[in-house]
Amino acid sequence: MTGMGPVAGRLSLGETIAIIDIGSNSVRLVVYEMLARSPAQVFNEKEMAGLGRQVATTGRLATDAMDRALEALLRFRVLCEAMQVGEIRVIATAAAREAANGPAFLARAEQAIGQRIELISGSREAYLSGLGVISGFAEPHGVAGDLGGGSLELVGVDGDRVGPGISLPIGGLALMDQAKGQIKLAEKIVREQLDHHPQLAAMRGKDFFAVGGTWRALATLHQRQSGYPLSVMHGYTVPARDVADFARLVERADASVLEAIDAVSSARRPLLAYGALVLDLLIKRGRPRAVVISASGVREGLLYDMLPEDERRVDPLLRGAQDYNQLRAREPRHAADLIEWVQRLVASAGFPDDPAGRRLQDAACLLSDIGWRAHPDYRGEQSLNVIAHAAFSGVDHAGRAFLALTVFHRYAGAKSDSPAAAGLRQLLTPRLLERSQLLASAFRVAYLLSAGMPGILPRATLACVDSRLVLRLSGELHALSSERVTGRLKQLAKLLGRDHEISLG
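For the sequence shown, the residue numbers in this note's numbering are 352 to 856.
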C-alpha cells in the first residue's frame with residue numbers, strides 16, 4: 352500500500368503507520384502520522400468486542416464477540432485503504448492467546464484485515480507496555496501496570512530501561528468472569544495472584560504507571576470529583592493514598608450513582624469496580640509514592656520498539672513542540688532566534704543553570720506563535736486551550752500549565768485572566784509561575800521588535816547589565832524603538848527588579 356503525499360495541515364516527513372490491537376476488551380485501530388519519537392494520531396477508532404468475556408470459565412472466545420471483532424477488522428481494512436496507510440501492524444493479546452479457539456479466530460481475522468497478525472506472549476506484552484511508558488514520560492522510575500480485559504502486565508521501568516515483566520490473568524473481563532460477578536470472590540482471586548512478585552517490591556516509594564482504559568476511566572471520575580483544572584489523562588498524578596481511598600469508594604458504590612459517570616462509556620462501567628479492586632490491592636502490596644496515568648501502552652511501545660536508536664534519544668516534548676511550530680507558526684525559523692535571545696537574557700539575569708527549566712523554556716519558545724491565525728482578542732485563550740490539551744508526551748501537568756500560561760500571557764498580556772488560566776495556575780509552584788510570567792513578558796518584547804520574523808532578534812540583543820535591563824538596537828534597527836517597545840521593556844525590567852534602557856548603538 353503506497354502512502355499518500357504531503358497533506359495540508361500534516362507533516363510530510365514519512366509514511367503513515369497503523370497499529371491494530373486485538374485486545375480482550377476492545378479491538379482498536381490507531382493511525383499515526385509517521386514513525387517518530389512523538390507521533391500525532393491521525394485516526395483512532397475502536398470496537399468494544401469483549402473477546403475475553405468468557406475465556407476464563409469456558410476456555411473459548413464467544414461467537415458473538417468474534418463476529419463483532421471480525422466486522423471491526425473489515426471496517427478497519429477499508430479505512431486504512433481510504434487513508435492510504437503506508438504500513439500496518441496487527442497484534443493480538445490475552446484473549447486470543449488463552450482461548451482454545453484462538454488460532455481459528457486469528458486465521459479468520461487475518462483474512463478480514465488482510466495482514467499477518469502477531470500473537471504476542473504475556474512477557475512481550477509486558478515489555479511493550481514498559482516501552483510505551485518510557486516513550487510517554489521523561490525518565491520514568493517505578494513500575495508500569497497495564498490492565499486489559501484479559502490480563503494485568505507488571506514491568507519495571509527505569510529511565511530508558513525495561514525490567515523483567517509478568518502477565519497475570521486478572522484483567523477486568525477475566526476477573527468478572529472468574530468471580531461470577533462477586534466482588535468478594537474477585538478480591539480473593541487478586542490477592543492470590545499478587546503474591547510473591549518482585550515487580551511489587553520494585554514500586555515501593557516510586558511511581559506506579561497505570562495503563563489501560565479502565566484505569567483511565569477511574570482517573571476521569573477522580574478528576575471530575577476533585578474539580579481538577581485539566582482534563583488531560585496522560586500524566587495525571589495522584590498520591591497513592593488518595594487513589595486507594597477513591598478506589599475503595601468505587602469498589603463499594605453502584606457505578607450508576609457515581610458523579611460524572613456519564614463521562615465513562617457504558618461498556619466500561621461494569622469493569623470499574625474490578626479495576627478499582629486491582630488498583631487498591633496493588634497499592635497496598637507495592638506501596639508506591641504516586642499513581643501516574645499513562646495513555647501510552649502497548650501500541651506506543653511497539654512504535655518505540657521500531658524506532659532507530661538515535662530517534663529514541665530525541666526529547667519527545669521538544670519534538671512535539673517543533674511539530675506545532677512547523678505547522679502553525681507564521682515563520683518557524685523565528686523560534687531558533689527566540690530560543691537564543693531568551694537564553695541570553697536568562698543567563699545575564701543570573702538564573703541558575705537548570706536543564707528541566709531550560710527544556711520548558713525552549714518548548715515555550717517553539718509554541719509562542721501558534722495562535723496568530725485567531726482573532727487578536729482570542730489568541731491567548733485559544734493558545735492556552737490548545738497547548739494545555741495537546742497530545743504532548745514527556746511533560747507532566749505542571750509543565751503543560753507552564754507552557755499554556757506562558758503563551759496565553761504572551762498574547763493577552765500580564766493582567767489578562769480567564770477561568771481556565773486561573774485553574775491552571777493552581778498547578779504551578781510560585782517559582783514556576785514567576786518564570787512563566789517572565790518568559791511571557793520577554794516574548795511580548797521580542798514579537799513587537801521582530802514581528803515573528805527571523806533575522807531581527809540577533810541584532811536586537813537584550814541582557815541585564817548590573818542594575819539595568821538593556822535593549823541594544825543596531826543602527827538599521829533604530830526605528831524599532833517606540834513608545835510601545837519602551838512600555839513592554841519597562842514591564843519586563845520590573846519583573847527582573849531592574850531599570851530599563853534602550854541603547855541605539
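Just so it is clear, CB atoms sit at the ideal spot from N, CA and C, and this is done for glycine as well.
Per-residue burial, residue i [other beta carbons within 10 Å of its own, 16 or more giving buried]
i      : result
Lys557 : buried
Gln673 : buried
Asp705 : exposed
Gly410 : exposed
Met417 : buried
Met657 : exposed
Thr571 : buried
Gly838 : exposed
Glu834 : exposed
Gln777 : exposed
His547 : exposed
Arg404 : buried
Ala698 : exposed
Thr353 : Confidence at Thr353 is low in this model, with a pLDDT of 43, below 50, so its placement is unreliable and the value that follows should be read with caution. Burial call: exposed.
His858 : Since the first residue of the chain shown is 352 and the last is 856, residue 858 is not available in this structure.
Pro667 : buried
His748 : buried
His685 : buried
Asp372 : buried
Gly856 : exposed
Glu432 : exposed
Ala455 : exposed
Whether residue i touches residue j by CB criterion (9 angstroms)
i      : j      : result
Gly708 : Gly487 : no
Gln392 : Val378 : no
Ala400 : Ala420 : yes
Ala445 : Ser480 : no
Glu476 : Gly523 : no
Ala451 : Leu470 : no
Ala742 : Gly671 : yes
Leu342 : Gly500 : Lying outside 352 to 856, the shown extent of the chain, residue 342 is not represented and no answer is given.
Asp497 : Val615 : no
Leu669 : Leu808 : no
Asp850 : Leu813 : no
Phe753 : Ala802 : no
Arg681 : Trp723 : yes
Val693 : Leu790 : yes
Gly701 : Tyr478 : no
Arg636 : Leu551 : yes
Phe559 : Gly510 : no
Same chain, Cβ closer than 8 angstroms to residue i, neighbours up to 5 away in sequence not counted
i      : result
Arg599 : Ala627, Asp631
Glu882 : Shown here, the chain extends from 352 to 856; a query on residue 882 therefore has no answer.
Same chain, Cβ closer than 6 angstroms to residue i, five either side skipped, listed in chain order
i      : result
Thr588 : Ala641, Val643
Gly731 : Phe759, Tyr762, Ala763
Ile853 : Leu822, Ser832
Val406 : Ala446, Glu449, Ala450
Arg542 : none
Met355 : Confidence at Met355 is low in this model, with a pLDDT of 46, below 50, so the placement of that residue is unreliable and no value is reported for it.
Glu602 : Ala624, Ala627, Leu628
Ser792 : Gln842, Leu843, Leu846
Ile634 : Ala591, Ala595
Leu536 : Ala530
Start-to-end residues for the beta strand (DSSP E) that takes in residue i
i      : result
Lys397 : 392-398
His851 : 850-855
Tyr383 : 378-383
Gly496 : 492-498
Thr588 : 588-590
Glu827 : Segment: none, Glu827 is in no beta strand (DSSP E) and carries neither H nor E.
Leu470 : 468-470
Val441 : 438-443
Leu505 : 503-509
Asp372 : 368-373
Endpoints, alpha helix (DSSP H) assigned at residue i
i      : result
Pro770 : 770-776
Ile807 : Where Ile807 is concerned, there is no enclosing alpha helix (DSSP H), given that its DSSP letter is neither H nor E.
Ile738 : 730-739
Ile485 : 473-487
Pro520 : Premise fails: Pro520 is in no alpha helix (DSSP H) and is neither H nor E.
Ile464 : 453-464
Same chain only: Cβ atoms within 7 angstroms of residue i, ignoring 5 sequence neighbours per side
i      : result
His573 : Val589, Phe597
Leu457 : Ala443, Ala447, Ile468, Leu470
Ser734 : Ile721, Gly722, Val758, Phe759, Tyr762
Ala423 : Val378, Glu398, Ala400
Residue i Cβ short of 8 angstroms to the ligand FAD heavy atom set
i      : result
Val378 : For the ligand FAD, the structure offers nothing, since it holds no ligand at all.
Entirely enclosed beta strand (DSSP E) segments - the segment 610-653, minimum 3 residues: 641-645
Secondary structure, alpha helix (DSSP H): runs of 4+ residues fully inside the segment 512-569: As far as the segment 512-569 is concerned, its whole alpha helix (DSSP H) runs of at least 4 residues are 523-529, 534-544, 549-553.
Completely contained alpha helix (DSSP H) runs for the segment 651-708, where each covers 4 or more residues: 660-663, 667-679, 685-699
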